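Note sheet for the following structure.
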Amino acid sequence: MKHTLVKLERLKSKKLIEKLYEQGSSVKSFPLRMVYLQTKHTSDFPAQVGVSVSKRNFKSAVDRNRIKRLLRESYRLQKEILYDHIQNPYVFMISYLGKEEIKYEEMYAKMTMLLTLFVAETKKKTDAPI
RNA sequence: AUAGCAGAUCUAUCUUAUCGCCAUGCUUAAGGCGUGGAGGAAAGUCCGGACAUCAAAGAGUAGCAUAGCGGAUAACGUCCGUCCAGCGUAAGUUGAGGACCAGUGCAACAGAAAGCAAGUACAGUUCGGCUGUAGUGAAACCCGGUAAACUCUAUGCGAUGCAAUGCCAUGUAAAUUAGAGCUUGAGAGCUACUCGCUCGAUUCUAAAGGGUAGGCAGAUAGAUUCUAAAAGUAAUUUUAGAGCUAGAUAAAUGAUAAGAGCCUUUUUUUAAGGUACAGGAUUCGGCUUAUUGAUCUGCUAUUUUU
11 MKHTLVKLER LKSKKLIEKL YEQGSSVKSF PLRMVYLQTK HTSDFPAQVG VSVSKRNFKS
71 AVDRNRIKRL LRESYRLQKE ILYDHIQNPY VFMISYLGKE EIKYEEMYAK MTMLLTLFVA
131 ETKKKTDAPI
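Residue numbering for the first sequence follows my numbering, beginning at 11 and increasing consecutively.
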């Protein structure tokens, strides 16, 4: 699998984001939090993902950009964890809840935890008897 | 040489490898290849424009801004020159530098008293708190001081900001119900107020309900950048030649590794640490604030040597 993250694979529609926050559920692996929702979106990819960093925690735009880039980078390299397990289209929003800067290795490890956690959660739901 | 003053410039770490992002061109079945990809402050949003919309861009009042004089400019609260005043030995630097013969207010300490007034001592006297002197004070009836006090004067200012604005797409929707009104006119328009003026029936208000929240244009070639010459004390202007330099929209310009450079400390050639402030969002001219390292130019004072 190619480790790419092009425009269509990123969550861009305002409508979808609103819907995601209204109806989505979430998993946490501090300092990361992922809100997810199974729904149709605007591309053929298995999922669309967005990242966000609170302006309250990081006043400087440079710091915010840095965190967002790290988030995207670590997602890009590990997204097959998700793609191997999901059949229906999903939308995700990954937020950074911490108040201090983070190193790349740490971010990478946290992302791994977050994604495996998500896979476990969804598996539990689908396996459970209705 | 030391201390200082003014100004300008450069860099805003660099190289390689691997994996990626945005725009664009070529090619294509997927894909591949090429080219370009943040700042000096992009920031604060504090001034001034361009541009767009509001029918026209009217008058007065209020409000706000500016304030020696002259010039530059698209414009400015910016810039340049110059006079005056304060500070500095000097180079320089700072200035909220119009008016207190329009009115109102204010004045520490001292002093009887800092302007309806009151009034000490002595002397003079036309016997009228009339005149002079003394005492306090920066200032005591003088055209007094003070406008970073109200105020007055002069000049300027319509409002809203690209989430402007136009077009396309979507929706049975110029639909339904209730009320008001139809030229003797409901209501709307400039958006602080008044006047004046204009528009006005496919209208205005309310309720319930439906839809969109996506795309294209605006939007990246301009009061543009560089070089040279000429005019001007200068800001700046004119002419000629050359150049094209981000265009995203939950928002690209990155991540990792290795090496090199620079700085600091330890030390004497190794190791460790550091390598600022900060990220475009219609656009331009300024101001202000944040901040790393270095270079250069001109000038002043003091001292030494020749």
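Glycine included, every Cβ here is placed at the ideal spot set by N, Cα and C.
These figures come from a predicted structure and were not determined experimentally.
- Boundaries of the beta strand (DSSP E) harbouring arginine 43: 42-48, taken from the DSSP string.
- Of the candidates Arg43, Ser84, Lys133, Lys133 places its Cα closest to the Cα of isoleucine 96.
- Put simply, the backbone Cα of valine 45 is about 18 Å away from that of phenylalanine 55.
- With at least 16 other beta carbons inside 10 angstroms of its own, lysine 89 counts as buried.
- A straight-line Cα-Cα distance of about 13 Å links tyrosine 93 and leucine 15.
- Listed in chain order, the beta strand (DSSP E) runs fully inside the segment 94-132 are 100-106, counting runs of at least 3 residues.
- Contact between valine 63 and tyrosine 106 is confirmed by a C-beta separation of about 5 Å, below the 8 Å threshold.
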